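Asks: So the protein sequences, as listed, match chains V and P.
Note that numbering that gives the first Met the number 0 gives residue 24 to position 25 of the first sequence, counting from 1, and the numbers run on in steps of one.
Note that numbering that gives the first Met the number 0 gives residue 122 to position 123 of the second sequence, counting from 1, and the numbers run on in steps of one.
From the three backbone atoms N, C-alpha and C, an ideal C-beta is built for every residue, glycine too.
Since the structure is predicted, the reported quantities are computational estimates derived from the model, not experimental observations.
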Amino acid sequence: MLSRLRSLLYLLPQFWRMLFTRPVTVRYPFAPLKLPSYFRGKVTIDPELCRGCGMCARDCPAFALELERESRDNFRLIHYHDRCAYCGQCEASCNFGAIKLVNEFVPAAPQRDTLSRVMVRRDNEEA
Amino acid sequence: MTKITIPIGPQHPALKEPLSFLLTVEGEQILDSALRIGYVHRGLERICQNRNYVQNVHVVERVCGICSHIHTTTYCQGVEALLGLQVPPRALYLRTLLCELERIHSHLLWLGVLAEYIGFTTIFMYAWRDREIVLDIMEELSGGRVAHAANVIGGVSIDADEAHVASILDRLDVLERQIKLFLDLIRRERSFQARTRGVGHLSAEQIRRYCVVGPAARASGVDVDLRRDAPYAAYKWLNFQVITAEEGDVWARTMVRVLETIESLHMCRQLLTELPAGPLTVRAPRRVPPGEVVSRTEAPRGELIYYIRSDGSDRPARVKIRTPTLTTLITLHDQLAGVHTADVPVVLAGVDLCIACADR
Numbered sequence: 000m001l002s003r004l005r006s007l008l009y010l011l012p013q014f015w016r017m018l019f020t021r022p023v024t025v026r027y028p029f030a031p032l033k034l035p036s037y038f039r040g041k042v043t044i045d046p047e048l049c050r051g052c053g054m055c056a057r058d059c060p061a062f063a064l065e066l067e068r069e070s071r072d073n074f075r076l077i078h079y080h081d082r083c084a085y086c087g088q089c090e091a092s093c094n095f096g097a098i099k100l101v102n103e104f105v106p107a108a109p110q111r112d113t114l115s116r117v118m119v120r121r122d123n124e125e126a
Numbered sequence: 000m001t002k003i004t005i006p007i008g009p010q011h012p013a014l015k016e017p018l019s020f021l022l023t024v025e026g027e028q029i030l031d032s033a034l035r036i037g038y039v040h041r042g043l044e045r046i047c048q049n050r051n052y053v054q055n056v057h058v059v060e061r062v063c064g065i066c067s068h069i070h071t072t073t074y075c076q077g078v079e080a081l082l083g084l085q086v087p088p089r090a091l092y093l094r095t096l097l098c099e100l101e102r103i104h105s106h107l108l109w110l111g112v113l114a115e116y117i118g119f120t121t122i123f124m125y126a127w128r129d130r131e132i133v134l135d136i137m138e139e140l141s142g143g144r145v146a147h148a149a150n151v152i153g154g155v156s157i158d159a160d161e162a163h164v165a166s167i168l169d170r171l172d173v174l175e176r177q178i179k180l181f182l183d184l185i186r187r188e189r190s191f192q193a194r195t196r197g198v199g200h201l202s203a204e205q206i207r208r209y210c211v212v213g214p215a216a217r218a219s220g221v222d223v224d225l226r227r228d229a230p231y232a233a234y235k236w237l238n239f240q241v242i243t244a245e246e247g248d249v250w251a252r253t254m255v256r257v258l259e260t261i262e263s264l265h266m267c268r269q270l271l272t273e274l275p276a277g278p279l280t281v282r283a284p285r286r287v288p289p290g291e292v293v294s295r296t297e298a299p300r301g302e303l304i305y306y307i308r309s310d311g312s313d314r315p316a317r318v319k320i321r322t323p324t325l326t327t328l329i330t331l332h333d334q335l336a337g338v339h340t341a342d343v344p345v346v347l348a349g350v351d352l353c354i355a356c357a358d359r
């Protein structure tokens, strides 16, 4: 009898403590969410540093990066948000440090075809 | 009494995982069960053949949504063996650290699921609340809660400085207090014992016949653990105990898993305090010489096997994944025979199924 009662009462101190602690849930989206510095969010590419080598497009497991090249100094690098898995492989594969996955959420879009973006465009005609 | 056939799944409130059962019941007693799987088959092994070795690290990470890191560890370990790479010790330690954190998170998640199935919502809430501590640590280390992308062929892409290590150690202490509370609770709580003792029993002989691995095997007294038997990554430098139990029912599996969580916490502490200095990666060539390799690790649910064959190009010719859940699925027919219908969710939760792993 006593052990049965103890088994029932055992959690009571925990319950009592929980009454005076803050909720463990976060207030997002009403308050900003604190993200760790390593968080892999939006893909940004610095067009100054990009040389159009295509390493990122070759290593992307989701085929979210496409390099359209016409000549050495004439290429476009397109990023498809909707295919991107935010794995960070493009950042690791880039030898020039042009790609960064920044600490930022990617907003939703009403239509899928609005999600592709030309990140780098070089239209220099060869001399 | 007439026999009735009840379909359960693939979408069912008593079963979160997408698998389907046909249960033949007589009154409350289950006479027979027929299992059907394959609802979340994604053809990942075939996808692996169409991508290069670097891309595949991220493909195999998506085999499972709970134990994603162990899949990349097994894959990278296999490719590194084919390439003949020596991974630096710091990378091995960080790899193992994430493996053990993942085991803690997987076992706590499982404890919550089991508690919910037996109607003990308090443990479910507490276990999932405390699991957030581990998920936060993993997110800080790698940048993702589940998809860590921490492994690369030849090392790891994550690092932890001294301040970070200290903060992780502090939080592990909090977590250990909470897990000890669960352990105490499970040992004392009568309703928990009433629902789990004697349910889903598997004898050591059955375990050997079905080749069951992981905590389910250890709970039936079969002492198998790859971390000790064939140490990989940094396990050969660690000091730990393999937890076993004799009873072989859901209760024993609960005890094994909760005790294993505490053991994993001790391992995490060892890994963090003894973290060696040095480089994080070695340079890996893109083309892998022809050959084949079998890579084995101890995932949270048991032994995970990867078979990788290379034909000398930058893409694998074959990647075969044998997940631990596959071995436990076969035992469900034996476990379900004779139990009451109300105990079906407990039996299913007790073996810790991961159908996404098994279907791939």
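Taking 8 Å as the threshold, find out whether the stretch 122 to 141 of chain P comes into contact with the stretch 165 to 177 of chain P through three or more Cβ pairs.
Replies: yes
Asks: Tell me where the alpha helix (DSSP H) around GLU373/P begins and ends.
Replies: Outside the shown range of chain P (0 to 359) lies residue 373/P, about which nothing can therefore be said.
Asks: Which word fits GLN54/P, buried or exposed, when buried means at least 16 other C-beta atoms lie within 10 angstroms of its C-beta?
Replies: Classification for GLN54/P: buried.
Asks: When the cut-off is 9 Å and only beta carbons count, does ARG82/V lie next to chain P?
Replies: no
Asks: Shorter than 9 Å from the beta carbon of PHE38/V to some beta carbon of chain P?
Replies: yes
Asks: Quick check: is the beta carbon of ASP45/V nearer than 9 Å to any beta carbon in chain P?
Replies: no
Asks: So which of ASP122/V, ALA97/V, PRO109/V and CYS86/V has the shortest CA-CA distance to SER156/P?
Replies: SER156/P has its Cα closest to that of CYS86/V, out of ASP122/V, ALA97/V, PRO109/V and CYS86/V.
Asks: Once you ignore the five residues that flank THR71/P on each side, which residues in its own chain have a CB closer than 7 Å to its CB?
Replies: So the list reads VAL56, VAL59, GLU60 and ASN150, once near-sequence residues are dropped.
Asks: Report yes or no: is there a C-beta of chain V within less than 9 Å of the C-beta of LEU279/P?
Replies: no
Asks: Beta-carbon of GLN54/P versus every beta-carbon of chain V: anything under 9 Å?
Replies: yes
Asks: For a test of the three-state rule: what should DSSP assign to SER156/P, helix, strand or coil?
Replies: coil
Asks: Would the beta-carbon of ALA218/P fall within 9 Å of that of ASP183/P?
Replies: no
Asks: In chain order, what residues of the same chain have a beta carbon less than 6 Å from the beta carbon of GLY301/P, not counting five sequence neighbours either side?
Replies: VAL212, GLY213 and PRO323
Asks: What separation, rounded to the nearest whole angstrom, lies between the Cα atoms of GLU25/P and ARG194/P?
Replies: 21 Å
Asks: Per the contact definition of three or more C-beta pairs closer than 8 Å, is the stretch 186 to 203 of chain P in contact with the stretch 223 to 237 of chain P?
Replies: no
Asks: Which runs of the beta strand (DSSP E) fall wholly inside the stretch 249 to 330 of chain P and span at least 3 residues, in chain order?
Replies: 290 to 298, 301 to 309 and 315 to 321
Asks: Have a look at the DSSP bridge pairing and note the partners of GLU25/P.
Replies: LYS2/P and GLN28/P, per the DSSP bridge assignment.
Asks: Along the chain, where does the beta strand (DSSP E) containing LYS99/V start, and where does it finish?
Replies: 98 to 100
Asks: Using only the alpha-carbon positions, how far apart do ILE98/V and ARG227/P sit?
Replies: 41 Å
Asks: Apart from the five residues just before and just after SER294/P, which ones in its own chain have a Cβ nearer than 6 Å to its Cβ?
Replies: THR73, GLN76, GLY77 and TYR305
Asks: Report the rounded CA-to-CA distance for THR1/P versus GLU27/P, giving the unit in angstroms.
Replies: For THR1/P and GLU27/P, the distance between alpha carbons rounds to 11 Å.
Asks: Short of 8 Å Cβ to Cβ, which residues in the stretch 136 to 160 of chain P face chain V?
Replies: GLU138, GLU139, LEU140, SER141, GLY142, GLY143, ALA146, ALA148, VAL151, SER156 and ILE157
Asks: At which residues does the alpha helix (DSSP H) containing ARG121/V begin and terminate?
Replies: DSSP places ARG121/V in no alpha helix (DSSP H) but in the uninterrupted beta strand (DSSP E) bounded by 115 to 122.
Asks: Mind pulling the chain V residues with CB within less than 7 Å of HIS373/P?
Replies: A query on residue 373/P cannot be resolved here, the shown segment of chain P reaching from 0 to 359 and no further.
Asks: Since CYS364/P contacts ILE136/P with CB under 8 Å, what's their CB separation in whole angstroms?
Replies: The structure shown does not extend to residue 364/P, since chain P is modelled only from 0 to 359, so the question has no answer here.
Asks: Measuring from the CB of ILE157/P, is there a heavy atom of the ligand FMN at a distance below 8 Å?
Replies: Absence of the ligand FMN is noted for the structure shown, with no ligands found whatsoever.
Asks: With 9 Å as the threshold, decide whether the Cβ of ARG128/P is near any Cβ in chain V.
Replies: yes
Asks: In terms of alpha-carbon separation, which member of GLY143/P, CYS63/P, VAL39/P and ALA80/P lies closest to ALA283/P?
Replies: ALA283/P has its Cα closest to that of ALA80/P, out of GLY143/P, CYS63/P, VAL39/P and ALA80/P.
Asks: On the DSSP bridge assignment, give the partners of ARG68/V in chain order.
Replies: Here ARG68/V is bridged, per DSSP, to PHE74/V.
Asks: Check whether the Cβ atoms of VAL345/P and LEU331/P lie closer than 9 Å to each other.
Replies: Cβ atoms of VAL345/P and LEU331/P: not closer than 9 Å.
Asks: Give me the residue from ASP351/P, ILE354/P and ARG359/P with the minimum Cα distance to LYS319/P.
Replies: ARG359/P
Asks: Check the Cβ of LEU184/P against every Cβ in chain V and list those closer than 8 Å, keeping chain order.
Replies: Simply TYR9 and LEU10.
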